[in-house]
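Chemist:
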Amino acid sequence: MRVDFHTHIIPENFSELTKRFGGEKWPTLERTCACGANIMIAGKVFREVTDQVWSAEKRINDMEREGVDMQVLSPIPVTFSYWAPAEDAEILARVQNDFIADLVNQYPTKFIGLGAVPLQNVDVAIREMDRCKHELGLSGIEIGTNVNGVNLDDPRFIEFFEMAEKWEVPLFIHPWETLGKERMPRHNLMYTVGMPSETALAGASLILGGIMDKFPKLKICLAHGGGALPYLLPRLDQGWKVWPHLRLLDKPPSYYAKQFYYDSLVNEPVNLNYLVQNFGHERIIMGSDYPFLLREVPPGKVIDDTVGLSKEQTEAMLGKNALRFLNIPVKVGS
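All residue numbers for the sequence shown refer to the UniProt record's numbering, where the first residue is 1 and numbers rise by one.
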């Protein structure tokens, strides 16, 4: 079974909601043709998208053509809207979460759902996470790598992670509002350099800030193979060794990095091998970033192209690991 863990979706009527809030920072979806649209922010094109980003039928057709059995649906990170009043962001999250849950209910053999929460207010975020888990039946939550420039190890988020662990809610951490984006206006560097760097900062913060130590049963998957984090771990370990006055952990950062899961969107087999060697194949989850331009086509190609993997390792990374991460029973023979 092939499960694409990393895909994004948005309701087609998204703009009807955000335009009600007023203000230029809210993202809107403006149709350009029958099969395409622009995501707009403050009157400027943020991203061009196709109908793949809202049409379940289109997605299912693509899945059948590309050999994917199930997709895990998550919101587009720009819709997190952590900058907004929490009450408005909660309304937006609820609409998206209801939309995703409805698709999962319509196509239970094709889709699995992740929700979003307004993390700018932890009490409200926990309330919506509770609804996602216990009312909508969603399988996890997608969150951003920072909240208005505040790293995820900040004490204000402790209770959120505590409840995610208690309720067994897996978290998918995706880069958004990347560090240094003011220096990346050209060449689309925000996507190719900014996002991997942002994910590394988020992962390092969760480790060094003690979140992974405090909540050892918390399930977290980092997008894009953890970004730059896996390749920075030796440097982080060296810092842990030489700066004992900053040391909050009993073990080096590389120890705690093994608690993360990592999607397989790393583009090259040598990178995938590096992840397998350092974290084990059990921690690698196939993800393509469907339906965006930087996605892997077909999903799972880097796993298929990696020489030396056993059948067990390949099958686990292509689908079984995603189901286990999301606490979904793995059927024998799947």
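Backbone N, C-alpha and C define an ideal beta-carbon position, used for all residues, glycine too.
With distance defined between alpha-carbon atoms, name the residue in Q120, N278 and Q277 nearest to I158.
Modeler: Position 158 of the sequence shown, counting from 1, holds the residue named residue 158. Minimum Cα distance to I158 is reached at Q120.
Chemist: For D250, does the count of other Cβ atoms within 10 angstroms reach 16, so buried, or fall short, so exposed?
Modeler: Looking up residue 250 in the sequence shown gives position 250. Exposed: under 16 other Cβ atoms inside 10 Å.
Chemist: What is the residue span of the beta strand (DSSP E) that F172 lies within?
Modeler: Taking the first residue of the sequence shown as position 1, residue 172 is located at position 172. From DSSP, the beta strand (DSSP E) with F172 extends over L171 to H174.
Chemist: Report the option in K110, F160 and M286 whose CA atom is closest to the CA atom of K58.
Modeler: On the sequence shown, residue 58 is found 58 positions in, with the first residue counted as 1. Checked all of K110, F160 and M286; the closest Cα to K58 is K110.
Chemist: Are the beta-carbon atoms of W176 and P299 separated by less than 9 Å?
Modeler: Within the sequence shown, the letter at position 176 stands for residue 176. Within the sequence shown, the letter at position 299 stands for residue 299. No, the Cβ-Cβ distance between W176 and P299 is not below 9 Å.
Chemist: Let me know if K219 comes out buried or exposed under the rule of 16 or more other beta-carbons within 10 Å of its beta-carbon.
Modeler: Your numbering for residue 219 matches position 219 in the sequence shown. That one is buried.
Chemist: Beta carbon of G149, beta carbon of L171: below 9 Å?
Modeler: Along the sequence shown, read from residue 1 onward, the residue named residue 149 stands at position 149. Along the sequence shown, read from residue 1 onward, the residue named residue 171 stands at position 171. Not closer than 9 Å, so no.
Chemist: Taking 9 Å as the cut-off, decide whether the C-beta atoms of V122 and R156 are in contact.
Modeler: In the sequence shown, residue 122 corresponds to position 122, counting from 1. In the sequence shown, residue 156 corresponds to position 156, counting from 1. Their beta carbons are under 9 Å apart, which means V122 touches R156 by this criterion.
Chemist: Can you name the start and end residues of the beta strand (DSSP E) that A37 belongs to?
Modeler: Residue mapping note: residue 37 aligns to position 37 of the sequence shown, counting from 1. Counting along the chain, the beta strand (DSSP E) containing A37 begins and ends at G36 to I41.
Chemist: Quick one: using the 10 Å Cβ neighbour count with 16 as the cut-off for buried, is A42 buried or exposed?
Modeler: Taking the sequence shown and counting its residues from 1, one reaches residue 42 at position 42. By the neighbour-count rule (16 or more Cβ atoms within 10 Å), A42 is not buried but exposed.
Chemist: Taking 6 Å as the limit between beta carbons, can you name the residues of its chain near G115, skipping five residues before and five after?
Modeler: Sequence index remark: in the sequence shown, residue 115 carries index 115 (1-based). So the list reads N97, C132, L138 and I141, once near-sequence residues are dropped.
Chemist: So, at 6 Å on beta carbons, what are the nonlocal neighbours of D289 in its own chain, with the 5 sequence-adjacent residues on each side left out?
Modeler: As a working mapping, residue 289 is identified with position 289 in the sequence shown. Correct list, in chain order: H6, L265 and R295.
Chemist: Tell me L272's beta-bridge partners as DSSP assigns them.
Modeler: Taking the sequence shown and counting its residues from 1, the one referred to as residue 272 is at position 272. Answer by DSSP bridge pairing: none, since L272 is not bridged.
Chemist: Alpha carbon to alpha carbon, what distance is there between F325 and N105?
Modeler: For this step, residue 105 is matched to residue 105 along the sequence shown. For this step, residue 325 is matched to residue 325 along the sequence shown. So the two alpha carbons sit approximately 20 Å from each other.
Chemist: Just grab the DSSP bridge partners of residue 401 for me.
Modeler: What is shown of the chain runs 1 to 334, which leaves residue 401 out entirely.
Chemist: How big is the Cα-Cα spacing for K331 and E312?
Modeler: As a working note, residue 331 is residue 331 in the sequence shown. As a working note, residue 312 is residue 312 in the sequence shown. For K331 and E312, the distance between alpha carbons rounds to 15 Å.
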